[in-house]
Amino acid sequence: MKELSTAQDLSSYIDFAAHEGKEITLVGQIQNLRVLAWGGFVILRLPNYLVQCVADATKINMPLAELKPEATVRVSGTLVKANIKDVAMWPREWEVSIASIEVLSMPSEEALPVDTTKKELSCDLSTKFDYRPLTLRHPRERAIFRIASTVYNEFGEALARLGFTRICSPKIVYSGAEGGANIFKLSYFERQAFLAQSPQFYKQMMVGVFGRVYEQGPVFRAEEHDTSRHLNEYISLDMEMRLENGFEDIMQVEAAVLKSIFERLQRECAPELALLGVTAPSIDKIITVTFAEAHQIVLDQTGRDCRGEKDLDPEEERVVCDYAKKTWGTDFVFVTHYPSVKRPFYALDDPANPDTTLSFDLLFRGIEITTGGARMFRYEDYLRKMKARDMNPQLFESYLQAFRYGMPPHGGLGLGLERLVAQICGLANVKEASLFPRDRKRLEP
RNA sequence: GGGGGCGUAGCGAAGCUGGUUAUCGCGCCGGCCUGUCAAGCCGGAGAUCGCGGGUUCAAUCCCCGUCGCUCCCGCCA
1087 MKELSTAQDL SSYIDFAAHE GKEITLVGQI QNLRVLAWGG FVILRLPNYL
1137 VQCVADATKI NMPLAELKPE ATVRVSGTLV KANIKDVAMW PREWEVSIAS
1187 IEVLSMPSEE ALPVDTTKKE LSCDLSTKFD YRPLTLRHPR ERAIFRIAST
1237 VYNEFGEALA RLGFTRICSP KIVYSGAEGG ANIFKLSYFE RQAFLAQSPQ
1287 FYKQMMVGVF GRVYEQGPVF RAEEHDTSRH LNEYISLDME MRLENGFEDI
1337 MQVEAAVLKS IFERLQRECA PELALLGVTA PSIDKIITVT FAEAHQIVLD
1387 QTGRDCRGEK DLDPEEERVV CDYAKKTWGT DFVFVTHYPS VKRPFYALDD
1437 PANPDTTLSF DLLFRGIEIT TGGARMFRYE DYLRKMKARD MNPQLFESYL
1487 QAFRYGMPPH GGLGLGLERL VAQICGLANV KEASLFPRDR KRLEP
């Protein structure tokens, strides 16, 4: 038996200022190497740093030329002041003056398939994904996923502060939530099951328990779309809450959560944002336009009359966003009151106009990142709506239990993590905001 | 499900109204360089031009097919 210490500091945080002038030992992978006649530089990649180390050829224990990018090394030396210009580096005020280097591992290939030492990764999307274990090591790729990590964490933490309870619903399910046909089938012992395309039913059931819940997890869509804004598996940031005043409550909570996310990005991800050349957006006001007003904006701005249509197409969403930016100075527009026919059966119709629903989409820089709205909460309403849509209530037995036993007025939303991150980072394709994207063609790596 | 574009060394690209020794940058290999920061300089190796067929004296280039990638629409987050 061996007992390990529970007292040691397990943090990867390094207090560089406190180490100045002192001995320091770092284990990291070589991001880049610059060998000069007098010695050279080793850029070391650590969990959340990129540290420059400098070597004097006459003092170091081995020639730098024997090293190569992606070798894992243990560097010992002294932390000294430096002035580093490269914005990919962090920190930039200190470097390690190397005393010795020990090689722990070397890449087995003579040459790496893509060059990760340059400012930009110059390769096609498919190449980038084919070599994901390598390409993700590039500083810009790391920056994207440090930002994604922060967005994911703050979504949960901001909601938790507002009294929401985190839930984890099953991803193996008995029936398809939205009623759509685009659901992955799965063999489950002697029966057939499905991969959840949304935690919708479970988060509604859980509103009957906690009143305010959230979930962050993967959802699966078997849609054959093949575009720069779709994935077949993505991370859905979901919440569901009792409504005190109206479906506007949902938008207010979402705006508050987004605001909190962007402020935290500014505080904690400044180097990553700078590296990507972007700034965190801000959401200081909540701008809403109705679906009908959105069509009017498109008509006024472009002359295209789409007022009869039941949805906004991507081009119209871009027009509405451009208009909102120009007119109200905002990157975010909530479009409310979508037609009932375009919304799932559980959407709550607007009593003032039953052809529309008390629902919304949130558009961010030209793309829709959220769909949300109020849900029906009376059992009879579900039976009526399901009958009208030729749905068999018996197939939704366990879901409908919640309403049979009584439910408060409630609503919620789903936010696509990759879409949000892609828009923050200015990425052309959502897949770039996914570590290992799953699309129509890709199941690997 | 429908439509557009692209496949040329490990990576990214140029070339083509048909005839070249198929070009450039990065990476790789060798040499040089006292502070680099997308380091720099000199030299070298590396490509049956995605695959199959056709037209032609001649195809990387034109045509047909096929496979792969990418973008857009529908649908969605």
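When we follow our numbering, the leftmost residue of the first sequence carries the number 1087, and every step to the right adds one. Note that the Cβ used here is the ideal one computed from N, Cα and C, for glycine as well. Since this is a predicted model, take the numbers as computed values, not measurements.
Let me check understanding here. Comparing Cα to Cα, which of the options lies closest to residue i?
i: Ile1230; options: Ala1508, Asp1525, Asn1331; result: Ala1508
i: Glu1106; options: Pro1133, Arg1226, Glu1301, Val1182; result: Val1182
i: Leu1190; options: Ser1098, Leu1112, Gln1278, Asp1312; result: Leu1112
i: Pro1256; options: Leu1521, Ile1510, Arg1226, Lys1289; result: Lys1289
i: Lys1411; options: Val1427, Ala1378, Gly1452; result: Gly1452
i: His1311; options: Leu1090, Met1087, Asp1525; result: Asp1525
i: Glu1196; options: Thr1443, Met1477, Ile1455, Lys1154; result: Lys1154
i: Arg1505; options: Leu1449, Asp1436, Ala1168, Glu1243; result: Leu1449
i: Thr1456; options: Gly1163, Thr1422, Val1405, Arg1470; result: Thr1422
i: Ala1151; options: Ile1170, Lys1167, Tyr1135, Ala1123; result: Ala1123
i: Arg1461; options: Leu1248, Glu1326, Asp1095, Val1121; result: Glu1326
i: Ala1342; options: Pro1437, Thr1413, Gly1242, Pro1495; result: Gly1242
i: Ala1366; options: Thr1236, Thr1374, Leu1486; result: Thr1236
i: Met1493; options: Lys1171, Tyr1485, Val1161; result: Tyr1485
i: Arg1178; options: Thr1213, Ala1157, Gly1163, Cys1139; result: Cys1139
i: Ile1187; options: Arg1223, His1224, Leu1130, Leu1281; result: Leu1130
i: Ala1360; options: Thr1416, Leu1481, Arg1228, Glu1276; result: Arg1228
i: Leu1281; options: Ile1184, Phe1270, Glu1206; result: Phe1270
i: Gly1498; options: Phe1420, Arg1307, Glu1340; result: Glu1340
i: Asn1439; options: Ala1378, Ile1383, Leu1272, Phe1420; result: Ala1378
i: Leu1096; options: Pro1133, Arg1120, Gln1115, Gly1125; result: Pro1133
i: Gln1302; options: Leu1501, Met1087, Cys1511; result: Leu1501
i: Met1472; options: Val1427, Asp1447, Asn1118, Asp1436; result: Val1427
i: Val1259; options: Ile1253, Ala1246, Ser1273; result: Ser1273
i: Ala1519; options: Tyr1300, Asp1142, Val1121, Lys1214; result: Lys1214
i: Ser1314; options: Glu1454, Gly1458, Val1166, Arg1490; result: Glu1454
i: Asp1417; options: Leu1434, Cys1355, Ile1369, Val1384; result: Ile1369
Does DSSP put residue i in a helix, a strand or coil?
i: Thr1413; result: helix
i: Asp1441; result: strand
i: Val1427; result: helix
i: Cys1407; result: helix
i: Leu1449; result: strand
i: Ala1055; result: Past the edges of the chain, shown from 1087 to 1531, lies residue 1055, and the structure says nothing about it.
i: Val1293; result: helix
i: Thr1313; result: coil
i: Ala1433; result: strand
i: Ala1123; result: coil
i: Glu1206; result: coil
i: Glu1454; result: strand
i: Leu1220; result: helix
i: Pro1155; result: coil
i: Leu1150; result: helix
i: Arg1359; result: A small fix is needed here, since residue 1359 is Leu in this sequence, not Arg. Helix.
i: Pro1400; result: helix
Which two residues bound the contiguous alpha helix (DSSP H) that contains residue i?
i: Tyr1238; result: 1225–1247
i: Ala1341; result: 1334–1354
i: Asp1216; result: 1211–1216
i: Phe1102; result: 1102–1105
Opposite residue i in the DSSP bridges: which residues?
i: Arg1160; result: Val1113, Glu1188
i: Trp1180; result: Lys1167
i: Met1327; result: Arg1298, Gly1497
i: Asn1118; result: Ile1129
i: Thr1251; result: Val1299
i: Tyr1320; result: Val1305
i: Gly1459; result: Ser1445, Gly1498
i: Ile1258; result: Leu1281
i: Thr1422; result: Thr1376, Phe1446
Give the range of the beta strand (DSSP E) segment to which residue i is assigned.
i: Gln1387; result: Looking at the DSSP string, Gln1387 is not in any beta strand (DSSP E); the run it does join, the alpha helix (DSSP H), is 1377–1388.
i: Gln1138; result: 1136–1142
i: Lys1271; result: 1271–1274
i: Thr1365; result: Counting along the chain, Thr1365 falls outside any beta strand (DSSP E), and DSSP gives it neither H nor E.
i: Ala1093; result: Segment: none, Ala1093 is in no beta strand (DSSP E) and carries neither H nor E.
i: Ala1281; result: Contrary to the premise, residue 1281 reads as Leu rather than Ala in this sequence. Counting along the chain, the beta strand (DSSP E) containing Leu1281 begins and ends at 1277–1281.
i: Val1200; result: Element bounds for Val1200: n/a, residue is neither H nor E.
Length-filtered (3 minimum) beta strand (DSSP E) runs lying within the segment 1462–1521: Entirely contained in the segment 1462–1521, the beta strand (DSSP E) runs reaching 3 residues are, in chain order, 1496–1502.
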